[in-house]
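Chemist: One structure, pasted below without further comment.
There are 2 protein chains.
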Amino acid sequence: MASSTTRRRTTKVTTPRTPAPVVIECVEPELDAGRYPVKRIVGDTFEVRADILKDGHDLLAARIKYSGPVDGEWHFVPMFYDQNSDQWVGSFRVDRAGRWMYTVESWTDRFGTWRSEIQKKIGAGHDVSSELLEGAEIIDAAARRARFGDARNELRAAALIIRDGRLSGAERVAAALDAQLHTLLDDNYSPPDLTCYVRELEVWVDRERAAFASWYELFPRSQTTDADRHGTFLSTAFALPRIAELGFDVVYLPPVHPVGISARKGPNNSLAAGPDDPGSPWAIGNDAGGHTAVEPKLGTLEDFDTLVATAAELGLEIALDYALQCSPDHPWLKQHPEWFFVRPDGTIKYAENPPKKYQDIYPLNFWCDDREGLWNACRDILMFWIDHGVHTFRVDNPHTKPFAFWEWVIGEVHAKYPDVVFLAEAFTRPRTMKLLAKLGFSQSYTYFTWKNSTAELRDWWAEMHNAESLEYMRGNLFANTPDILHEYLQHFGRPAFRVRLLLAATMSPLYGIYSGFELNENAPVRPGSEEYLDSEKYQIRVRDYKAPGNLNGDVKLLNAIRRDNSALQRMDNLVFRESENPQIVFFTKTAPGWRNDLLIIANVDPTRAQETVVTVPLAELGLDPDIPYVVEDLLTGARYSWRGARNYIRLDPNLQPGHIFRLQR
Amino acid sequence: MASSTTRRRTTKVTTPRTPAPVVIECVEPELDAGRYPVKRIVGDTFEVRADILKDGHDLLAARIKYSGPVDGEWHFVPMFYDQNSDQWVGSFRVDRAGRWMYTVESWTDRFGTWRSEIQKKIGAGHDVSSELLEGAEIIDAAARRARFGDARNELRAAALIIRDGRLSGAERVAAALDAQLHTLLDDNYSPPDLTCYVRELEVWVDRERAAFASWYELFPRSQTTDADRHGTFLSTAFALPRIAELGFDVVYLPPVHPVGISARKGPNNSLAAGPDDPGSPWAIGNDAGGHTAVEPKLGTLEDFDTLVATAAELGLEIALDYALQCSPDHPWLKQHPEWFFVRPDGTIKYAENPPKKYQDIYPLNFWCDDREGLWNACRDILMFWIDHGVHTFRVDNPHTKPFAFWEWVIGEVHAKYPDVVFLAEAFTRPRTMKLLAKLGFSQSYTYFTWKNSTAELRDWWAEMHNAESLEYMRGNLFANTPDILHEYLQHFGRPAFRVRLLLAATMSPLYGIYSGFELNENAPVRPGSEEYLDSEKYQIRVRDYKAPGNLNGDVKLLNAIRRDNSALQRMDNLVFRESENPQIVFFTKTAPGWRNDLLIIANVDPTRAQETVVTVPLAELGLDPDIPYVVEDLLTGARYSWRGARNYIRLDPNLQPGHIFRLQR
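So the sequence lines, in the order shown, correspond to chains A and B. Taking our numbering, the leading residue of the first sequence gets 3, the next gets one more, and so forth. Taking our numbering, the leading residue of the second sequence gets 3, the next gets one more, and so forth.
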């Protein structure tokens with residue numbers, strides 16, 4: 003592009019229109035200069051901090067100005083000066099899901115300043131007759147603005163007394179310093195130098211399950227006892243009690259739409275599909291319909307509604323896949339060829355990542371001339387399933403669709419349904435994963451699956467869950483997916499599955515497994531591949547969930563422990579601690595006020611027993627180095643009496659993957 | 003103030019008007035969302051970084067858009083992708099003092115993307131006839147926008163060849179991949195998705211002396227050989243050669259204006275001044291004039307001009323004090339009583355900080371009804387002295403005047419005279435000191451005087467000179483001032499003076515001393531006070547600058563070393579290093595590309611010899627642990643051959659305060 007010079011706009015960066023004595027800056031939290039909202043959960047106490055500065059010695063006052071969703075009013079809550087941080091601090095409770103706004107206001111506390119100065123002068127024995135008159139002026143000013151007659155009268159009366167030369171100084175001072183007068187004045191004082199922070203900021207408030215939930219992924223087609231009989235929505239409904247029993251919250255289904263026929267993939271991703279092969283559910287659409295239809299083999303929309311209703315009765319929630327791509331047979335190719343990429347010869351382009359070709363998938367052209375029509379159609383897919391009771395969506399490869407689309411479509415949905423949850427399946431550059439979270443995704447897949455050593459876990463956590471990203475990013479730690487069977491699981495079997503489950507379920511309040519995990523399924527399609535052998539993506543898999551060696555016990559126990567321990571229900575409280583042996587990872591999860599303090603210790607070496615000495619952060623936990631304390635292992639019920647910081651640990655992966663020690667208070 | 007609710011404005015936080023495929027965020031440097039400029043020095047290479055993201059696999063292009071002072075044009079320089087940081091990076095040279103603006107633009111490199119994809123497909127042996135046609139379309143689009151006839155023709159010709167079915171695929175591909183065509187296209191392509199970062203940012207560029215200078219403070223009244231004879235501008239001019247000889251750059255004079263008579267302070271701040279007592283020069287104004295007049299005892303304005311001219315000949319610069327306060331005799335009290343605080347009884351208020359009273363000082367009311375008149379008058383004081391050749395001002399207590407005033411008045415001056423330097427004398431909360439720097443002050447006094455131990459120095463440096471504050475804050479490390487004689491100097495005498503001088507002159511490119519320091523003057527007015535005995539603030543002090551024990555040698559040598567070593571001319575390169583004995587501080591100052599690497603080691607215990615082992619950061623300095631390297635002490639000329647990281651140091655404060663080792667390459 004040409005580097006020619008062009009005329010410069012002389013717009014200046016924002017400065018206050020009229021100069022103000024009070025400066026408000028560095029408001030926290032604030033994400034990218036208010037470009038994006040931070041995130042919280044219904045019921046959270048939202049704390050706001052600000053630097054507030056004025057020249058000289060005047061006392062200041064400040065307040066948070068905030069407003070809830072569908073709430074045309076501003077509300078106010080006072081802020082207080084915090085000596086330690088040299089910041090002003092205040093908070094309010096976000097008790098409803100949706101978009102809240104907040105900013106900070108400050109002004110000179112003229113009467114308070116006057117009050118403290120006259121007190122000092124009286125203390126020093128100075129004559130304060132002139133100061134009394136100044137006070138009376140402030141009171142008059144307030145009286146002029148008082149809204150209620152009696153307030154006005156009381157203020158006027160006070161001013162008269164304070165001015166009254168016939169009274170003794172003591173009487174006038176007493177009237178001036180009267181506490182009730184102070185309150186009356188605060189209530190009626192409207193400061194000439196009221197200053198508002200330059201930006202109005204946003205906090206997006208989600209329902210609790212957006213931040214704390216246990217996920218289970220299954221293929222409805224496989225909910226059958228016979229590989230020749232295609233599972234259905236109804237057979238899936240019968241499978242739900244087992245999943246509820248295991249303690250899960252969300253059941254995520256891959257696409258349930260009609261599966262493409264042209265170029266359908268056969269078992270193990272073979273190019274030639276047999277007549278009975280179900281094909282990949284991500285090849286969406288055929289003559290039976292597209293993204294708002296269901297695969298006939300699964301049943302009818304009514305059956306789907308039954309599934310959703312059954313789940314609800316069991317306290318489960320059905321999550322659907324939102325995969326914006328089409329099979330060659332998707333109705334949109336005929337109805338809206340203009341929504342796709344068209345070659346000069348007029349044919350529609352299939353997906354490719356040169357030199358790779360994906361003839362069974364046709365990508366949408368989000369910047370086509372009928373952008374509005376396409377984007378609305380994509381939004382309406384979500385609205386359709388929301389109407390059928392689905393309020394959680396797992397979004398397939400969002401990083402291959404425009405960021406602007408996600409901000410728009412999530413905004414459209416949230417404006418009407420603030421309780422809808424979006425999980426981003428974005429395995430890409432961390433900056434892009436974070437951007438998607440900023441744009442509105444409630445949760446994100448992470449690289450957890452590939453982080454198996456202590457060092458890997460520490461580095462990955464520090465990058466994705468640091469203080470700044472925790473304001474908007476929530477990692478959902480899937481231990482496996484239909485696309486990812488990590489070699490760690492392939493090589494080390496059951497002990498590896500157990501420790502990975504323990505880590506996923508304790509590190510983050512959001513975690514999940516894809517069915518088969520609890521059966522330690524770990525055969526890859528070929529050595530070096532992370533794809534499953536006989537992957538369920540291309541064929542029906544029948545399972546015996548009671549098979550020996552299953553992890554049902556672990557799963558059930560961990561999900562119960564998560565429900566019972568508030569420290570496992572938040573993301574911002576994980577701190578890695580010192581363990582002398584890198585094969586044993588040690589981290590704490592704590593709740594404010596030492597209400598629920600967990601010491602989590604896991605052996606990341608599934609091949610042999612490991613020993614270490616861990617260093618318990620006594621001071622942070624308020625423990626006396628000389629007084630013994632008791633920790634109870636929530637996994638086994640065993641109790642240990644410890645003393646001091648350094649404690650010995652031995653973990654044999656064939657017996658136990660780790661400990662979840664709860665500190666007894 | 004009332005907590006009633008008010009209607010909420012429903013203005014939304016800025017989002018792009020029309021959705022764009024490219025996202026530009028986290029531009030660096032950016033200070034408080036562009037509210038304030040960052041600072042640089044004339045001749046600096048200014049580096050800009052940005053996160054630039056787009057969905058999918060398209061190649062991106064980006065450029066910095068910038069513009070210099072009094073320069074109506076935008077200029078452009080390309081940015082490049084940096085794999086390590088996953089950021090885009092570019093830079094340009096700021097070769098003129100003043101306000102520069104910059105932002106970032108990015109777009110999809112459509113032709114480049116097409117080019118790399120067709121290359122991959124050719125490599126994989128695919129048929130690319132359809133791709134060739136797509137390429138031709140991109141070329142046509144560019145041709146339509148080409149500004150020069152021949153460019154247009156060349157593009158059209160290329161498109162024709164590429165479309166020409168009669169030619170062989172090889173020929174058409176060759177034409178499509180032609181390098182010259184690629185350049186031609188880049189020059190003429192105007193991208194439909196050109197995206198600009200949401201804000202235009204500013205960088206303020208100062209002349210070099212704003213960031214690198216040695217300061218010397220003196221009282222002209224004392225430039226005399228006889229305490230009964232008041233020093234003058236002319237006698238001060240005679241004193242300048244000595245100061246130039248010592249290697250200083252800036253000579254700072256306390257206020258030179260007529261000194262108030264009413265309530266004039268006598269020696270040692272006594273309330274009763276004798277008839278011949280000169281009084282405090284900070285009590286500004288009497289019948290002879292105010293801030294734009296000179297004290298008659300010092301001479302005339304013409305004499306002052308002579309002083310400024312003499313300084314210039316010696317390569318020195320005169321800095322004046324800008325103290326916005328008035329003595330009771332200042333002409334403004336009569337001419338503009340409305341500019342002051344008036345009591346209900348009509349009298350004008352003197353300064354007080356209850357219960358303390360300062361009857362000899364009258365503060366200005368910057369928010370009086372005639373704010374415009376007062377602020378203009380204050381600005382015109384600066385303009386007056388600038389016209390008399392003063393381009394550096396030391397500002398007295400800026401934190402007791404409105405922040406808005408400073409942003410305005412510095413802006414007014416800099417718009418006309420971008421080379422003017424402002425030093426803030428703000429000993430207050432760090433946040434306030436930083437705010438003043440953001441608002442435009444070129445330099446700031448710091449708490450250096452009170453930081454004498456290694457731990458104090460480290461903590462103070464980390465707070466005031468961290469990566470963020472270094473973008474706008476420059477500490478001027480005065481080792482003493484007329485108000486601050488630290489007990490460290492009072493108790494430990496000459497060895498203490500020497501180490502403090504060494505630290506001030508090496509830690510920061512900006513440092514200063516107040517005259518008498520080089521004579522180890524350290525008698526306090528009373529035990530526990532930081533005020534000097536017989537303070538020059540209230541009386542004339544005659545000195546013998548050749549007195550035995552003087553530090554002229556140290557001062558001269560350090561100022562020379564500062565001139566010769568670029569590492570001592572910047573602020574952002576100080577790193578504290580490991581020294582086993584906390585009584586010996588060790589830090590490095592390095593220049594890019596290992597051109598000038600200094601290891602500075604000082605004994606902060608002036609009472610006895612100390613030993614330590616320092617750890618040299620070999621890797622950072624590119625040193626091989628097994629190969630000896632030579633360090634030369636710039637203070638003594640002694641050379642040592644070291645090997646490996648750990649080296650022994652012994653420092654006897656009576657012989658030598660420390661080392662400035664320069665690494666020999």
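For every residue, glycine included, the Cβ atom is placed at its ideal position computed from N, Cα and C. Small disclaimer: the values here were computed from a predicted structure and weren't measured.
Leaving aside the five residues before and after His393 of chain A along the sequence, list all residues of the same chain whose C-beta is less than 6 Å from its C-beta, in chain order.
Modeler: Result list for His393 of chain A: Asp421, Val422, in chain order.
Chemist: Given a cut-off of 7 Å, decide if Gln612 of chain B and Leu637 of chain B are closer than it, judged by their beta-carbon atoms.
Modeler: Not in contact: Leu637 of chain B and Gln612 of chain B (Cβ atoms no closer than 7 Å).
Chemist: With a threshold of 16 other CB atoms inside 10 Å of the CB of Lys1 of chain B, please say whether the residue is buried or exposed.
Modeler: Because chain B is modelled from 3 through 667, residue 1 of chain B falls outside the range shown and cannot be assessed.
Chemist: Please report the residue range of the beta strand (DSSP E) in which Glu340 of chain A lies.
Modeler: Counting along the chain, Glu340 of chain A falls outside any beta strand (DSSP E), and DSSP gives it neither H nor E.
Chemist: Please say whether Val200 of chain A and Trp102 of chain A have beta carbons closer to each other than 7 Å?
Modeler: No; because the gap between Cβ atoms is not below 7 Å, this pair is not in contact.
Chemist: In terms of DSSP beta bridges, what is Gly660 of chain A paired with?
Modeler: Partner(s): A:Ala604.
Chemist: Assuming Tyr508 of chain A contacts Lys591 of chain A (C-beta within less than 8 Å), just tell me the rounded distance between them.
Modeler: Tyr is not the amino acid found at residue 508 of chain A; the sequence shown has Thr there. Yes, they are in contact, since the Cβ atoms of Thr508 of chain A and Lys591 of chain A sit about 7 Å apart, within 8 Å.
Chemist: Does the CB of Phe113 of chain B have a neighbour CB from chain A at under 7 Å?
Modeler: No, no contact with chain A.
Chemist: Helix, strand or coil for Phe250 of chain B, going by three-state DSSP, please let me know.
Modeler: Coil at Phe250 of chain B, not helix or strand.
Chemist: Let me see if you follow: with CB-CB separation under 7 Å, is Arg19 of chain B close to chain A or not?
Modeler: Per-residue confidence for Arg19 of chain B stands at a pLDDT of 46, beneath the threshold of 50, marking its modelled position as unreliable; the derived number appears in the next sentence. No - not a single Cβ of chain A is within 7 Å of the one on Arg19 of chain B.
Chemist: Are the stretch 29 to 44 of chain A and the stretch 428 to 441 of chain A touching, with three or more C-beta to C-beta distances below 8 Å?
Modeler: The stretch 29 to 44 of chain A, when compared against the stretch 428 to 441 of chain A, does touch it at the 8 Å Cβ threshold.
Chemist: Could you check if Gln658 of chain B belongs to the surroundings of the ligand SAH, using beta carbon to heavy atom distance under 6 Å?
Modeler: Of the ligands one can find in the structure shown there are none, so the ligand SAH has no counterpart to examine.
Chemist: Under a three-way DSSP split, which group does Gln585 of chain B fall into?
Modeler: Coil.
Chemist: Beta carbon of Leu570 of chain A, beta carbon of Glu520 of chain A: below 7 Å?
Modeler: Cβ distance not < 7 Å, so Leu570 of chain A and Glu520 of chain A don't count as in contact.
Chemist: Could you tell me the distance, in whole angstroms, from the CA atom of Ala229 of chain A to the CA atom of Arg648 of chain A?
Modeler: Whole-angstrom Cα-Cα distance: 54 Å.
Chemist: Determine the burial state of Pro608 of chain B: buried for a count of at least 16 other Cβ atoms within 10 Å of its Cβ, exposed for fewer.
Modeler: Result: buried.
Chemist: Output the residue ranges of the alpha helix (DSSP H) runs that lie fully inside the stretch 464 to 526 of chain A and measure 4 residues or longer, sorted by chain position.
Modeler: For the stretch 464 to 526 of chain A, whole alpha helix (DSSP H) runs of length 4 or above, ordered along the chain, are 489 to 509.
Chemist: Taking His184 of chain B as part of the alpha helix (DSSP H), name the residues at either end of that continuous run.
Modeler: His184 of chain B -> alpha helix (DSSP H) spans 181 to 190.
Chemist: So, are the CB atoms of Thr451 of chain B and His488 of chain B less than 7 Å apart?
Modeler: Yes; because the gap between Cβ atoms is below 7 Å, this pair is in contact.
Chemist: Looking only at C-alpha atoms, which of B:Ala212, B:Pro330, B:Val258, B:Thr349 sits nearest to Arg476 of chain B?
Modeler: Here the closest residue by C-alpha is B:Ala212.
Chemist: Cα separation between Ala275 of chain A and Asp362 of chain A?
Modeler: The alpha-carbon atoms of Ala275 of chain A and Asp362 of chain A are separated by roughly 12 Å.
Chemist: Threshold first: 4 residues or longer. Then list the alpha helix (DSSP H) segments lying entirely within the stretch 284 to 330 of chain A, N to C.
Modeler: Counting only runs of 4 or more, we get 303 to 315.
Chemist: Once you ignore the five residues that flank Asp84 of chain A on each side, which residues in its own chain have a CB closer than 6 Å to its CB?
Modeler: These residues qualify, in order along the chain: Val91.
Chemist: In terms of residue numbering, what span does the alpha helix (DSSP H) encompassing Ala138 of chain A cover?
Modeler: Element bounds for Ala138 of chain A: 131 to 147.
Chemist: On the DSSP letters alone, give me the boundaries of the alpha helix (DSSP H) that Val411 of chain B sits inside.
Modeler: Val411 of chain B -> alpha helix (DSSP H) spans 405 to 418.
Chemist: Are Pro1 of chain A and Gly646 of chain A close, meaning C-beta to C-beta below 7 Å?
Modeler: An answer regarding residue 1 of chain A cannot be provided, because it is not within the stretch 3 to 667 covered by chain A.
Chemist: Find the residues of chain B that neighbour Trp462 of chain A, judging by a C-beta separation of less than 9 Å, and give them in chain order.
Modeler: Chain B residues near Trp462 of chain A: none, gap ~15 Å exceeds 9 Å.
Chemist: Alpha carbon to alpha carbon, how far is Phe78 of chain B from Lys67 of chain B? Give it in angstroms, no decimals.
Modeler: Distance between the alpha carbons of Lys67 of chain B and Phe78 of chain B: 5 Å.
Chemist: Could you give the C-beta distance for Val253 of chain B and Ile263 of chain B, rounded to a whole number, given that I count them as a contact under 8 Å?
Modeler: Incorrect: roughly 28 Å between the Cβ atoms, too far for contact.
Chemist: Per the contact definition of three or more C-beta pairs closer than 8 Å, is the stretch 338 to 351 of chain A in contact with the stretch 276 to 296 of chain A?
Modeler: No: fewer than three Cβ pairs fall under 8 Å.
Chemist: Say whether chain B places a C-beta atom closer than 7 Å to the C-beta of Leu601 of chain A.
Modeler: No - not a single Cβ of chain B is within 7 Å of the one on Leu601 of chain A.
Chemist: For Ser93 of chain A, which residues does DSSP report across the bridge?
Modeler: BP columns for Ser93 of chain A point to A:Glu49.
Chemist: Taking C-beta to C-beta, are Gly114 of chain B and Pro71 of chain B nearer than 7 Å?
Modeler: Going by C-beta atoms, Gly114 of chain B is not nearer than 7 Å to Pro71 of chain B.
Chemist: Would you say Lys731 of chain B reaches chain A, if we count a Cβ-Cβ gap shorter than 7 Å as a contact?
Modeler: The structure shown does not extend to residue 731 of chain B, since chain B spans only 3 to 667, so no value can be given for it.
Chemist: Based on the DSSP secondary-structure assignment, which residues constitute the bridge partners of Asp599 of chain A?
Modeler: Asp599 of chain A pairs with A:Thr592.
Chemist: Buried or exposed: where does Phe663 of chain A fall if 16 or more other Cβ atoms within 10 Å of its Cβ makes it buried?
Modeler: So Phe663 of chain A counts as buried.
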